[in-house]
Amino acid sequence: MSDDAPYEEEINKLVAEHGAVPPPYVTFPDIHPFEISWRIGSGESYLMMYSAWSAKEGMGEAQWIEYFRKFPPPPIWLTWAIDCIWSVAEKVEDNIGENSDDDHDEFNLDPLEFDYWCYFRRTAALGFGTESDCKRAWEEWVPEI
990 MSDDAPYEEE INKLVAEHGA VPPPYVTFPD IHPFEISWRI GSGESYLMMY
1040 SAWSAKEGMG EAQWIEYFRK FPPPPIWLTW AIDCIWSVAE KVEDNIGENS
1090 DDDHDEFNLD PLEFDYWCYF RRTAALGFGT ESDCKRAWEE WVPEI
């Protein structure tokens, strides 16, 4: 059984409708990347389906860039798009290893906690967004307590 088998019907429906499985921020526009909704319930299910689809697609940098041209990321999701395009989390893990005790070396979607400067230069050049817009969006986000 393939990884996308449980999601095949939904994936096919979304691809027929949108040409691809839309990113999470299109389907759930009001949910912040750090919200619990991505770890339980419909958000978690969507991410699992999205992950199965994206793994099957096996997109490289050029394909991801075209994908995000079709589905431009809002500023708060720019670091997520960066990771999709350039596999930042994977590169960080390869460079520091899984057992690093240095919290500053850990990958984090929060641009206030992780240095994305070289990637922000690329996203700005591609028209996806700037470092200042992304950081401002994260600074303005206040989690519900």
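Note that the numbering used here has the sequence shown beginning at 990, numbered continuously upward. The beta-carbon is built from N, C-alpha and C at its ideal position, and this holds for glycine as well.
query: Would you mind giving the Cβ-Cβ distance between Ala1070 and Phe1109, rounded to the nearest angstrom? I have them listed as a contact below 8 Å.; result: The Cβ separation is near 11 Å, so there is no contact.
query: So does the segment 1017-1027 actually touch the segment 1065-1079, counting three or more Cβ pairs closer than 8 Å?; result: yes
query: Whole angstroms is fine: what's the gap from Glu1128's alpha carbon to Pro1061's?; result: 20 Å
query: Does Tyr1056 come out as helix, strand or coil in the three-state DSSP assignment?; result: helix
query: Closer than 6 Å by C-beta to Trp1053: which residues in its own chain qualify, once you throw out the five before and the five after it? Chain order, please.; result: Cys1073 and Ile1074
query: Just to confirm my understanding: we take Glu1120, look at its own chain, exclude 5 residues before and 5 after, and list those with CB closer than 6 Å. What are they?; result: Phe1109
query: Taking 8 Å as the cut-off, decide whether the C-beta atoms of Trp1042 and Leu1036 are in contact.; result: no
query: Assuming Met1038 and Tyr996 form a contact by the criterion Cβ under 8 Å, report the distance between their Cβ atoms to the nearest whole angstrom.; result: 4 Å
query: Quick one: grab the DSSP three-state call for Leu1101.; result: coil
query: Going by the beta-carbon positions, is the gap between Pro1064 and Ala1114 smaller than 8 Å?; result: no
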